[in-house]
Amino acid sequence: YKPIPIDAEKKNNDYVVSLISKVLEIKSIKNKKLVIWPYLDKARGIVTLFKRLGADIILIDEEINPPNPIKELRENKLKQVMESEGSEIAILLDADRDRIALYVKQNGEYNYYIPNEIYSALHNILAKDYQKKIINVRTIPSDLRGDDTSFINILTGVGYKHLGVILYFLLGIEVDKSKVDKAILYFEDENNNLRKIDNALTLYSLSLIKMVLLSFFAKLFMILIFCLSTAGIVLLIPLIDQSIDFEISWPRAISSVINTRAGTGYLSAIIGNLESNRKLSLLS
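Numbering of the sequence shown is given in the numbering used here, commencing with residue 5 and proceeding in unit increments.
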């Protein structure tokens, strides 16, 4: 057996670019000065991605490893670098890249945004500026300032064992009943009451299936997922043509078999926030 080497970094970045280019306007990142502080190592893949999109990257090559990086803000260092480089935004990453924070200069003042706030800002930008109909899947303790702009709100327990069940339900993939029974899953009905989700048909009863089917043609809908645990991760799933083919089977009463494509992308979707720093004010 002879292994075939692949450029995993390039392959991943190709996929991220193809994903976000179908959802967000990213050309405005060109020539924008971005400060990136990886905390540990060089964050080569992320730096390469932003450079590929035309950004001017200023890398802070100073290693630190705080227990909780989103609570560790070294403002003096950031302000010094941003002022000297003429940058208005800094991206802060933890060692394993599953947390992100933004340090942004707006109207002469510096503001710090943690994952919870970034999620709400991204959510509202997609809904208000890009007219996306969002299936908002978030953990119960997550920031709720995007709920009002959602097509539907789904709340889960903290952790992927809860989020995964909902994602499988939405994509028509069968889930073992024992996993459903152990999961904490609710949706917000038309009267803003929480109703428990114990099977996929509970979601279909909202006419969600009608919306999902429509989205394959209208290309307006997307699923936005946020997990608030030890890590803050945004999972962006546009219901539009992507690069992974698979078959989705809905209950017989709804349809037989629908062939479509779907895909996922991680925090790089935050590029959309760079279009205009002022848009972060959508948090309020």
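For glycine and all other residues, C-beta sits at the position ideal for the given N, C-alpha and C.
Residue from the options with nearest C-alpha to residue i
{"i": "V169", "options": "N35, N16, V179", "result": "V179"}
{"i": "K165", "options": "V184, I40, A59", "result": "V184"}
{"i": "I95", "options": "S146, V39, Y114", "result": "V39"}
{"i": "R145", "options": "K132, T160, N128", "result": "It should be noted that the sequence gives Pro, not Arg, for residue 145. If we check each option's Cα against that of P145, T160 comes out closest."}
{"i": "R142", "options": "A131, H127, K132", "result": "H127"}
{"i": "K83", "options": "K109, E67, D102, I74", "result": "K109"}
Outcome for residue i when other beta-carbon atoms lying within 10 angstroms are tallied against a minimum of 16
{"i": "P255", "result": "For P255, the predicted structure reports a pLDDT of 38, less than 50, and the residue's modelled location is therefore unreliable. A value from the coordinates is still provided. That one is exposed."}
{"i": "A12", "result": "exposed"}
{"i": "L205", "result": "exposed"}
{"i": "K294", "result": "In this structure the chain extends from 5 to 288, so residue 294 is not present and cannot be described."}
{"i": "S154", "result": "buried"}
{"i": "I10", "result": "exposed"}
{"i": "V20", "result": "buried"}
{"i": "I24", "result": "buried"}
{"i": "P71", "result": "exposed"}
{"i": "N157", "result": "buried"}
{"i": "I244", "result": "Any reading at I244 is ruled out, since the residue's pLDDT is 44, under 50, leaving its predicted position unreliable."}
{"i": "Y2", "result": "In this structure the chain extends from 5 to 288, so residue 2 is not present and cannot be described."}
{"i": "I237", "result": "Any reading at I237 must be qualified, since the residue scores a pLDDT of 44, below 50, and its modelled position is unreliable; the value itself is stated next. Flag for I237 reads buried."}
{"i": "Y5", "result": "exposed"}
Residue i, enclosing alpha helix (DSSP H) - first and last residue
{"i": "D18", "result": "12 to 24"}
{"i": "F54", "result": "48 to 56"}
{"i": "A99", "result": "Premise fails: A99 is in no alpha helix (DSSP H) and is neither H nor E."}
{"i": "D60", "result": "Taken as a continuous stretch (DSSP letters only), D60 belongs to no alpha helix (DSSP H), being part of the beta strand (DSSP E) at 60 to 63."}
{"i": "N128", "result": "119 to 132"}
{"i": "L77", "result": "Segment: none, L77 is in no alpha helix (DSSP H) and carries neither H nor E."}
{"i": "V169", "result": "164 to 174"}
Beta-bridge partners of residue i, as assigned by DSSP
{"i": "A94", "result": "V39, Y107"}
{"i": "K199", "result": "Correcting the residue type first, residue 199 is Arg in the shown sequence and not Lys. Paired residue(s): F191."}
Boundaries of the beta strand (DSSP E) in which residue i is found, first to last residue
{"i": "K31", "result": "Neither: K31 is in no beta strand (DSSP E) and is coded neither H nor E."}
{"i": "L159", "result": "156 to 160"}
{"i": "K137", "result": "137 to 143"}
Any non-hydrogen atom of the ligand PLP within 8 Å of residue i CB
{"i": "I188", "result": "Among the components modelled here there is no ligand, and therefore nothing to report on the ligand PLP."}
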